[in-house]
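K.L.:
Below is a structure I'd like to ask you about.
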Amino acid sequence: MAAIKEARKQLFSWSGQKESDSALQLEVPATMPVVKELCGLGSIKKFLHWTIVNTIGTK
Numbered sequence: 001m002a003a004i005k006e007a008r009k010q011l012f013s014w015s016g017q018k019e020s021d022s023a024l025q026l027e028v029p030a031t032m033p034v035v036k037e038l039c040g041l042g043s044i045k046k047f048l049h050w051t052i053v054n055t056i057g058t059k
């Protein structure tokens with residue numbers, strides 16, 4: 001769970017959101033593919049989207 005918390009903190013810092021604005025809800029037990037999707041691949045996708053939007057917006 002520590003990795004999930006850190007990934008979420010990074011995502012929130014990129015988007016300027018507060019952590020309390022969002023909740024992470026997983027069924028117990030959470031399978032690794034679910035965790036990867038919610039905290040790994042999803043974070044990468046959002047980071048890339050954020051980077052593209054902010055790069056285009058600054059030109």
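Position 18 of the sequence shown, counting from 1, maps to 18 under the numbering used here, and the rest follow consecutively. C-beta: ideal position from N, C-alpha, C; glycine also. Since the structure is predicted, the reported quantities are computational estimates derived from the model, not experimental observations.
Is G42 helix, strand or coil when you go by DSSP?
P.N.:
Here residue 42 refers to the residue found at position 42 of the sequence shown. It is helical.
K.L.:
Please report the distance separating the alpha-carbon of T31 from that of K45.
P.N.:
Walking along the sequence shown from the start, residue 31 turns up at place 31. Walking along the sequence shown from the start, residue 45 turns up at place 45. About 20 Å.
K.L.:
Determine the extent of the alpha helix (DSSP H) in which V34 is found, giving its start and end residues.
P.N.:
Along the sequence shown, read from residue 1 onward, the residue named residue 34 stands at position 34. Note, V34: alpha helix (DSSP H), M32 to V35.
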